[in-house]
Amino acid sequence: MRKICWGRSLPERCARPRCMRSGRRRKHHMASALPHVRRSLRRSLASLQTGPDCHRAAETPRRGATVYADKCAACHGKQLEGNPAKGIGGDKLLGGRGTLASKTPIKTVESYWPYATTLFDYVKRSMPFNAPGSLSDEEVYSVVAYILSEAKIITPVEKMDATTLPKVVMPNRDGFEPDPRPEVQLYR
Amino acid sequence: MTRSIPLEKMLKDAILAYGQDGEAIRPEQGYPLRLILPGWEGNTHIKGLRRLELSDKPFMTREETSKYTDLMPNGKARQFSFEMEAKSVITFPSGEMKLPGPGFYNISGLAWSARGRVQSVDVSIDGGKTWYPARLDTVPEPISTVRFSFPWSWNGESAACYRAAAPMKPGYLQPDTRTTDGDRGANGPFGSVYHLNAIQSWAVAADGSVSNVHA
Chain A
0 MRKICWGRSL PERCARPRCM RSGRRRKHHM ASALPHVRRS LRRSLASLQT
50 GPDCHRAAET PRRGATVYAD KCAACHGKQL EGNPAKGIGG DKLLGGRGTL
100 ASKTPIKTVE SYWPYATTLF DYVKRSMPFN APGSLSDEEV YSVVAYILSE
150 AKIITPVEKM DATTLPKVVM PNRDGFEPDP RPEVQLYR
Chain B
0 MTRSIPLEKM LKDAILAYGQ DGEAIRPEQG YPLRLILPGW EGNTHIKGLR
50 RLELSDKPFM TREETSKYTD LMPNGKARQF SFEMEAKSVI TFPSGEMKLP
100 GPGFYNISGL AWSARGRVQS VDVSIDGGKT WYPARLDTVP EPISTVRFSF
150 PWSWNGESAA CYRAAAPMKP GYLQPDTRTT DGDRGANGPF GSVYHLNAIQ
200 SWAVAADGSV SNVHA
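Keeping their order, the protein sequence lines are chains A and B.
Note that numbering that gives the first Met the number 0 has the first sequence beginning at 0, numbered continuously upward.
Note that numbering that gives the first Met the number 0 has the second sequence beginning at 0, numbered continuously upward.
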């Protein structure tokens with residue numbers, strides 16, 4: 000008989016994920032009991048069919064603080080202050096509001112980024128640097144909520160999900176203009 | 000890197016490149032597949048292309064909002080500045096080379112533009128005070144580089160500053176750095192560096208060593 004590989008080691012399978020709503024451990028969805036497997040499959044397929052906006056599990060900054068400490072702080076700093084050291088180069092994420100028109104502008108998520116959804120997109124696909132794509136959607140929403148909350152763009156209890164995140168208005172939302180070139184004075 | 004490219008450009012002359020000079024493109028050039036957008040800022044030429052997605056509006060990715068945008072002195076940032084106007088660079092003698100001594104040197108470089116053909120190239124050997132027409136060594140083609148040269152005799156003085164500018168028909172004048180700083184801002188370490196087509200200058204020291212100068 001061929002052994003079926005579920006792609007996870009046994010200890011990982013035993014640490015069953017918690018339910019996002021109740022916080023209780025989920026039933027062992029990878030167990031061999033067929034009804035469970037079927038139910039699990041149905042759930043996965045349902046989420047695929049509804050597209051990437053299907054994640055209703057809203058995430059708060061509080062949970063994101065843990066994710067941040069685990070996955071981000073090593074490069075971006077405990078206070079989200081960044082670390083420009085060679086070989087690390089984590090961007091500063093906070094501060095810089097009101098500096099864009101000065102001689103020493105500080106461009107951060109807080110001061111410069113025009114859309115909050117860009118943060119989800121970038122973290123989801125590219126972070127953490129050593130393991131891009133490894134965070135679940137819930138983890139990404141939570142850590143995005145944490146960064147936005149530390150930047151005082153949302154409150155510490157606000158929940159971020161596919162509905163609320165696009166509604167966040169970033170401080171520099173209107174700071175961009177389409178390129179007005181050609182610069183006519185350069186033509187003679 | 001993820002970038003939004005207007006469909007008009009993709010249908011006009013975009014290239015998905017898998018080879019160069021008879022071999023597969025090299026890893027540092029974006030193996031196995033690279034997007035080439037003739038005449039546009041190099042940062043839009045996505046290396047290691049994974050997928051193309053269609054959208055009815057820009058995706059507003061990290062690169063096209065927070066990174067490859069040019070912050071102006073008034074605090075507003077220019078976005079989606081794609082097309083590079085006339086640009087030129089002297090490749091000989093250039094940075095980190097060392098002239099063995101006073102004498103004849105055939106200055107040589109490349110000029111190009113996203114807007115048609117390079118009509119002529121001017122070279123200055125006194126920091127931009129006077130300009131002389133350079134010789135075009137290759138046939139100018141649209142959105143292509145043209146090789147130019149200019150005979151120069153170095154008298155051994157330090158701070159000889161030479162540069163090349165590519166004036167374009169219908170009359171586009173490649174700006175110097177002072178002009179681009181004035182028009183586009185130079186605030187901060189990353190001021191207007193992404194859309195920089197300013198004239199580039201080299202200076203030669205008394206010992207013959209060549210270095211980049213912002214002049």
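Cβ coordinates follow ideal geometry from the N, Cα and C atoms, glycine included.
The model shown is predicted, which means the values in this text are computed figures rather than measured ones.
Item to check | Reduced DSSP secondary structure (H/G/I, E/B, other) of Arg177/B | outcome: In this structure, Arg177/B counts as helix in the three-state DSSP scheme.
Item to check | Close beta carbons around Arg162/B, own chain, < 6 Å, minus the five adjacent residues each side | outcome: Hits under 6 Å: Ser123, Ile198, Ser200.
Next on the checklist: Against Gly174/A, what residues of chain B qualify as contacts under a CB-to-CB distance less than 8 Å, listed in chain order?
Outcome noted: The CB of Gly174/A comes closer than 8 Å to the CB of Gly74, Lys75, Ala76 in chain B, given here in chain order.
Checklist entry - Using the C-alpha atoms, what's the distance from His194/B back to Lys102/A? => result Distance between the alpha carbons of Lys102/A and His194/B is about 19 Å.
Item to check | Segment limits, alpha helix (DSSP H) that includes Glu137/A | outcome: 136–149 is the span of the alpha helix (DSSP H), which, as asked, contains Glu137/A.
Next on the checklist: Any beta carbon of chain A sitting closer than 8 Å to that of Met222/B?
Outcome noted: The structure shown does not extend to residue 222/B, since chain B is modelled only from 0 through 214, so no value can be given for it.
Checklist entry - What is the DSSP secondary structure of Thr1/B, reduced to helix, strand or coil? => result Shown here, Thr1/B sits in coil according to DSSP, grouped into three states, outside any helix or strand.
Item to check | Counted within 10 angstroms of its Cβ, other Cβ atoms place Asp121/B as buried (16 or more) or exposed | outcome: Buried: at least 16 other Cβ atoms inside 10 Å.
Item to check | Local Cβ density within 10 Å of Leu164/A, reported as buried at 16 or more and exposed below that | outcome: Buried, since its Cβ has 16 or more Cβ neighbours within 10 Å.
Item to check | Three-way DSSP call (helix, strand, coil) for Pro72/B in this model | outcome: Here DSSP, grouped into helix, strand and coil, assigns Pro72/B to coil.
Checklist entry - Would you say Ala85/B and Ser112/B are within 8 Å of each other, going by their C-beta atoms? => result Yes, these two residues count as a Cβ contact at 8 Å.
Item to check | Reduced DSSP secondary structure (H/G/I, E/B, other) of Phe58/B | outcome: Per DSSP, reduced to three states, the secondary structure at Phe58/B is coil, with no helix or strand assignment.
Checklist entry - Is Glu7/B helix, strand or coil when you go by DSSP? => result Secondary structure of Glu7/B (DSSP, three-state): helix.
Item to check | Buried versus exposed call for Asp69/B [16 or more other C-beta atoms within 10 Å across all chains shown] | outcome: Buried is the call here.
Item to check | Assigned secondary structure, Thr65/A (DSSP; H/G/I helix, E/B strand, else coil) | outcome: The three-state secondary structure of Thr65/A, taken from DSSP, is helix.
Item to check | Start and end residues, alpha helix (DSSP H) containing Tyr121/A | outcome: Taken as a continuous stretch (DSSP letters only), the alpha helix (DSSP H) holding Tyr121/A covers 115–125.
Next on the checklist: Quick check: Ala13/B and Leu48/B, are their CB atoms within less than 8 Å of each other?
Outcome noted: No. Outside cutoff.
Checklist entry - When the Cα atoms are used, what is the spatial distance from Ser133/A to Gln78/B? => result Approximately 31 Å between the Cα atoms of the pair.
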